[in-house]
Amino acid sequence: MASRVTSQIFARNAIHFNSIHGSALARAQRQISSGIRFELPSEQPIEYRQVRSLETRFTQLEADKGVLDLTTATLNASVSQLQDASELVTIAKGLVQQGIQAFDLDEREAIATEIDALLKQAESIGLAQFNGNYLFGGTRSDQPPFEFAKSRQENGVLEVAYLGTSQRSQSHVGDSISIDTYYTGLEVFGATGRESSVLVGGTGSRITSATDTVVGRATLQVRHTGTSYAAGSGVQVGVNSIGNDTILGPTGSNQLQINDTSGTGASGTVSLNGGPEVTFTSGDTNLEVTDRDGRVVFLDTTAITAGFNGTVDITATGTLSIDGGASTLPIDFSTSQQVVDSVSGRFVSIDSSEVRQTGDDSLEFPGTSNLFQVLKATADDLRNERDFTTTEYGAALSRRYNELDNAASKLFDMMGQQATSLRTMQTMEERVDDLMLSVETRLSDIQATDFPEAVVQLTNSQNLLQYTYAVTAQLTSLNLLQFLS
Amino acid sequence: MPNFEIGLSALRTNQFALQSVSNNIANANTDGYHRRRVIQQSKLPNQLGGYRIGSGVRVARIDRMRDQVTEQSLTKAIADTNQVEQTLTIQRQVEAALLIGDNAIGKQLDEYFAEFTSLSASPNEPARRTALIEAGSQFAGALRDVTGELDNLRRSIRTQIGHELEQFNQNMLELSAVSTQISSHAAQGFDHNVELDKRDSLINEIASIYGIARNESFNGDINITISNHSIQQGNQPNALSVRENGDQLEIILDDSDAALPTDTGRLSALVDAYNRLIPEYEASLNELASSVIHQVNQVHATGISTAGSFQNLVGTQSVDDSSIPLAQALPNAPLTAGDFSVTLTDANGDRTVETISINPATDSLDDIAARLNAIPDLNASVRAGTNELQIAAAPGVQFDFAGGFDSLPDQAGVTGTSVASLSGFYTGESNNEYEVRISGSGQVGSAANLFAEVYDEDGVLLNRVNVGDGYEVGSEVELANGIQMTFESGTLIAGDSFTTPAIETPDETGLLGSLGLAGFFTGNSADTIAVDESIIDDPNRIATGRTGAPSDATNLSRFIAVGEASTMPGGQTFSQFTSELGTSIGFEINTNLALNDTLTNVRLRLEQERSGKSGVDLNEELVYLQEYQKAYEAAARVIQVTDELLTELLNII
Chain A
500 MASRVTSQIF ARNAIHFNSI HGSALARAQR QISSGIRFEL PSEQPIEYRQ
550 VRSLETRFTQ LEADKGVLDL TTATLNASVS QLQDASELVT IAKGLVQQGI
600 QAFDLDEREA IATEIDALLK QAESIGLAQF NGNYLFGGTR SDQPPFEFAK
650 SRQENGVLEV AYLGTSQRSQ SHVGDSISID TYYTGLEVFG ATGRESSVLV
700 GGTGSRITSA TDTVVGRATL QVRHTGTSYA AGSGVQVGVN SIGNDTILGP
750 TGSNQLQIND TSGTGASGTV SLNGGPEVTF TSGDTNLEVT DRDGRVVFLD
800 TTAITAGFNG TVDITATGTL SIDGGASTLP IDFSTSQQVV DSVSGRFVSI
850 DSSEVRQTGD DSLEFPGTSN LFQVLKATAD DLRNERDFTT TEYGAALSRR
900 YNELDNAASK LFDMMGQQAT SLRTMQTMEE RVDDLMLSVE TRLSDIQATD
950 FPEAVVQLTN SQNLLQYTYA VTAQLTSLNL LQFLS
Chain B
746 MPNFEIGLSA LRTNQFALQS VSNNIANANT DGYHRRRVIQ QSKLPNQLGG
796 YRIGSGVRVA RIDRMRDQVT EQSLTKAIAD TNQVEQTLTI QRQVEAALLI
846 GDNAIGKQLD EYFAEFTSLS ASPNEPARRT ALIEAGSQFA GALRDVTGEL
896 DNLRRSIRTQ IGHELEQFNQ NMLELSAVST QISSHAAQGF DHNVELDKRD
946 SLINEIASIY GIARNESFNG DINITISNHS IQQGNQPNAL SVRENGDQLE
996 IILDDSDAAL PTDTGRLSAL VDAYNRLIPE YEASLNELAS SVIHQVNQVH
1046 ATGISTAGSF QNLVGTQSVD DSSIPLAQAL PNAPLTAGDF SVTLTDANGD
1096 RTVETISINP ATDSLDDIAA RLNAIPDLNA SVRAGTNELQ IAAAPGVQFD
1146 FAGGFDSLPD QAGVTGTSVA SLSGFYTGES NNEYEVRISG SGQVGSAANL
1196 FAEVYDEDGV LLNRVNVGDG YEVGSEVELA NGIQMTFESG TLIAGDSFTT
1246 PAIETPDETG LLGSLGLAGF FTGNSADTIA VDESIIDDPN RIATGRTGAP
1296 SDATNLSRFI AVGEASTMPG GQTFSQFTSE LGTSIGFEIN TNLALNDTLT
1346 NVRLRLEQER SGKSGVDLNE ELVYLQEYQK AYEAAARVIQ VTDELLTELL
1396 NII
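Residue numbers (the numbering used here), protein chains in the order written: chain A, 500 to 984; chain B, 746 to 1398.
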């Protein structure tokens, strides 16, 4: 400090310190009034960097929390629907058990009607929505995932078209965690996985061990196309033979026993496969002969060789079809014939080596139907629409029971996955809440005003400013003029 | 013989001193005024007999009280403080532009990327999509606002530089005039303290504008230099002017070719802000904007929106010359050599991936268009006039850049009758090419030991799938990484094979982002960034997925990853980079505040020292006033006594 002090020095000091204390006072005032220790990075650069980092984190956590909330709500809605579906299937299983034991047609019809109602409920669940999105359409959540046609497909299965995708929709929490939200209808309600095909019927057709591709169920039509007889007996095909004979089989698998009792071929007896003997005359052009199993041939006996007594080998050909006759496959009586549905292109392998009779066999492809089709098939079987015998009826319902059981397992599996996701999200949500609280606390620690400190600073600055004013007033009032007379 | 001379000299001298004191008092608060002190001197004595008696007093000179070293230091301190204060003013404006208000880019950026996370919970919710677009617009708007603010600030600084130069040159003119007056007065032996005060004031004013050095000689001559250039103080005053060298400003002294350095003074701060400070922040903002635009657009372009793939697409980024290598045509674009894949979808929904190789160092936009044009069902060209890449698909065909695989692989290598098709979603982490080789022969679905073996591009066996006995014809089996394959009914022969590309990164080159094809943002810098109009008009055009399904959020995770990626210089994320912009200006301000405090204290101390030496102390002047007044009264008494003595003598006559 210079030894010579002028009034200008007093003035400059007064202005300088007034500025310093005023500035500190204003800062303390701003801190106390706003509750924030600093607003600009220049006030606290290091803390500002921390605050920005925390603010960024908080924004991310807020977004994560929003995602978790909405995803939790979506999955809760989904799980709720799946629980309903699971209960529905459980009820259906119970009804199937009742149906197996029910002999009264009215009782069966009543049970089938209940299954119909369950199907409607299942359809409703399949089309369930949450927040404007279909829950079971995968990533295509903006349109109904299933289309239930009133008609049936050619194979007799309820027509259900899945319009969703095979990809689940996912919510993202952060850049590494994904949570499945909209599950695909296929994995929830879809087929449970192909099992061994089942054939029920009396034509002699058998299922092979090959993997079929037809889904649901189908009717195998075994039809007669022609009969021929070994030469020598003079027997010929009757007028109504083609299409009306019910025997099938390669040469020798069926036989006629002809006894020309007249010795001239004018009359005698004829039997099929050891069945009841039928009298013929040389005037019969369409003689119906039935064997013990009810199989029929129509014969023309107008040219029986005189004196013929003996057996005649029969060759009876036919066709196989699973598309209602739209396409047919000649029976070659082999162990494996691939019968194709001309509509869908799917096929079933049939062992036709033992086919001996025309007729319709029922084909089932367990594990290839979705829940809706299984329920519909269950109702159909309860109504015995395929005219099964009691045994076959019981067996069919048992298979439906198994399919429902598998569908229930699938639903449980999906519920389990969603429940696991929900549990995970609950944990994550708690963690996000904790992190948000932690970030907020840290933000508050860094950014919020330390009020006691700010008040002390305010008071200190206020005092210093007062002292500055006081000392300035005191010094500037001290003047030699006061002492000069 | 008594005379009046002695008294009269005392009377005159003290009256003179009284006037000097009065002038000091009058100028007590005049800035730059140096107090004066009248130096009195005894007049030569008269010889009277053997004695020498004094003949009175006279004014020897009037001293201008000052300390040379302090004055020099103060001039430098004034230059320094003005430079720092001006820099602080500009930095605070930059800080305000970057951070104040609701439009702070850091927060907008965070909100923007957080919206991708939020959207993933409900990708097809219109409100969420609108929120994302709004957040993107806010972010883009914030960048444009900040850039606009900085641009305005820079223009304002340019104007201020002109004003400062005008003031500087005016001061130089005045300095020249004052210097001339000083020389003239000095030559005539006149007092020229007033001019010296004015010169000191002018020098300090000049120093506040542009840092100068003053060197005073013992005799009071002063040498003023700017950098190493000596400033004339004669009839031809020096002048500063500003020269634009590209985007930079240079300060020129007179006709010199060399630019003056900018060290101290307000002008230095202004030129530094114009040349360095603001361009640096603008460059950082542009770097942020171009990176965000490029990376977001890359992800967006390689996704598929619910609006579907494209029939026609035009890039938003043009090149000046489509015939030169792209790396030269777009020098700032992050282009690299690599593969570029386009996926075409026919009317049946079957997808085919076509890949071309691009080397930006050698391939021009014309070359790339020609290469794309060679892809069946795709027409590509460079638009005349605008030089933008345009791609169109044949009728019934659409294209996208989402990669994936061939849904109907080329069957040329299959001699059997079974047709294979692919479905699913490729989940691999890199591009690959899978080859499926058939092992065994026979009917699909029934043959024994019939397998499809899957190899990657390195020949590594990834999967071996039974397609013979036990395989359900037409059913899906895993190929690899989410790709499913299906074999229709028919035969397969040992050695049959087919391949498919599996593309996770359809654009290895950065072409899509660089040319603005199917991007989220348009523009290429902070002042041009904007959300694409087509997305604003139709929020369904946001590519949230890679399949086009409304709730497909697979692309959103990639957007989120972009926000989290450490792709900015120093391994920073976008958010960290943005925060660092604010933090760095904060540190700069903080540093300059501390420097300013120091310099202000130095200046205050120097001003106090100067005031201690040169300032007017009223009390002191009052003491002098009393002193000279008493002396004046005494001199008057001496004259009165002399008069009485002479009267007494005359009475004798």
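Ideal placement from N, C-alpha and C gives every residue a C-beta, glycine not left out.
None of these values were measured; they are calculated from a predicted model.
Residue burial classification, residue i (beta-carbon count within 10 angstroms, cutoff 16)
i: Arg1382 of chain B; result: exposed
i: Arg873 of chain B; result: buried
i: Ala825 of chain A; result: exposed
i: Asn632 of chain A; result: buried
i: Asn1031 of chain B; result: buried
i: Ile927 of chain B; result: buried
i: Ala802 of chain A; result: exposed
i: Asn949 of chain B; result: buried
i: Leu793 of chain B; result: exposed
i: Ala805 of chain A; result: exposed
Chain A residues whose Cβ lies nearer than 8 Å to that of residue i
i: Tyr1216 of chain B; result: Thr710
i: Glu1174 of chain B; result: Within 8 Å Cβ-Cβ: nothing; Glu1174 of chain B doesn't reach chain A, min ~13 Å.
i: Ser1152 of chain B; result: Near Ser1152 of chain B there are no residues of chain A at all, since even the closest Cβ is about 14 Å away, more than 8 Å.
i: Lys852 of chain B; result: Glu554, Thr558
i: Thr1292 of chain B; result: Thr638, Thr664, Gln666
i: Asp855 of chain B; result: Glu554, Thr555, Thr558, Gln559
i: Ile859 of chain B; result: Per the sequence shown, residue 859 of chain B should be read as Ala rather than Ile. Result: Thr558, Gln559, Glu561, Ala562.
Extent of the continuous alpha helix (DSSP H) to which residue i belongs
i: Tyr1373 of chain B; result: 1363-1397
i: Pro749 of chain A; result: Element bounds for Pro749 of chain A: not the alpha helix (DSSP H) but the beta strand (DSSP E), 748-758.
i: Gln507 of chain A; result: 506-533
i: Phe688 of chain A; result: 684-688
Span of the beta strand (DSSP E) around residue i
i: Tyr1171 of chain B; result: Where Tyr1171 of chain B is concerned, there is no enclosing beta strand (DSSP E), given that its DSSP letter is neither H nor E.
i: His671 of chain A; result: 669-672
i: Leu1206 of chain B; result: 1206-1211
i: Tyr796 of chain B; result: 796-798
i: Thr710 of chain A; result: That residue, Thr710 of chain A, is in no beta strand (DSSP E); it is neither H nor E in DSSP.
i: Asp1342 of chain B; result: No beta strand (DSSP E) contains Asp1342 of chain B, which is instead part of the alpha helix (DSSP H) from 1319-1359.
i: Ile806 of chain B; result: According to the sequence as given, residue 806 of chain B is Arg; it is not Ile. Segment 802-809, the beta strand (DSSP E) holding Arg806 of chain B.
i: Gln837 of chain A; result: 836-839
i: Ile1183 of chain B; result: 1177-1184
Three-state secondary structure (DSSP) of residue i
i: Thr804 of chain A; result: coil
i: Asp886 of chain A; result: coil
i: Tyr966 of chain A; result: helix
i: His974 of chain B; result: strand
i: Gln760 of chain B; result: helix
i: Glu870 of chain B; result: coil
i: Glu950 of chain B; result: helix
i: Phe1265 of chain B; result: coil
i: Gly742 of chain A; result: helix
Partner residues on chain A for residue i, Cβ-Cβ distance less than 9 Å
i: Glu1352 of chain B; result: Gln507, Ile508, Arg511
Under 7 Å by beta carbon: chain B residues contacting residue i
i: His671 of chain A; result: Thr862, Ser865, Ala1298, Leu1301, Ser1302, Ile1305
i: Tyr547 of chain A; result: Gly1327, Thr1328, Gly1331
Cross-chain neighbours of residue i in chain B, by beta carbon under 8 Å
i: Leu979 of chain A; result: Leu1363, Asn1364, Leu1367, Val1368
i: Asn575 of chain A; result: Result: empty, since nearest Cβ-Cβ is about 13 Å, beyond 8 Å.
Neighbour list for residue i in chain A, Cβ cutoff strictly below 7 Å
i: Phe1170 of chain B; result: Gln666
Proximal residues, the segment 1321-1334 of chain B versus chain A, C-beta separation under 7 Å = For the segment 1321-1334 of chain B, the residues whose beta carbon sits under 7 Å from a beta carbon of chain A are, in order, Ser1324, Gly1327, Thr1328, Ile1330, Gly1331, Phe1332, Ile1334.
Can you list, in chain order, the residues of the segment 930-949 of chain A whose Cβ is nearer than 9 Å to any Cβ on chain B?
-> Nothing from the segment 930-949 of chain A brings a Cβ to less than 9 Å from some Cβ of chain B.
Chain-ordered residues of the segment 903-932 of chain A with a beta carbon less than 9 Å from chain B = Under the 9 Å Cβ criterion, the segment 903-932 of chain A contributes no residue.
Going along the chain, which residues of the segment 678-691 of chain A sit with their C-beta nearer than 8 Å to a C-beta in chain B?
-> When C-beta distances to chain B are compared with 8 Å, the residues of the segment 678-691 of chain A below that value are Thr680, Tyr681, in chain order.
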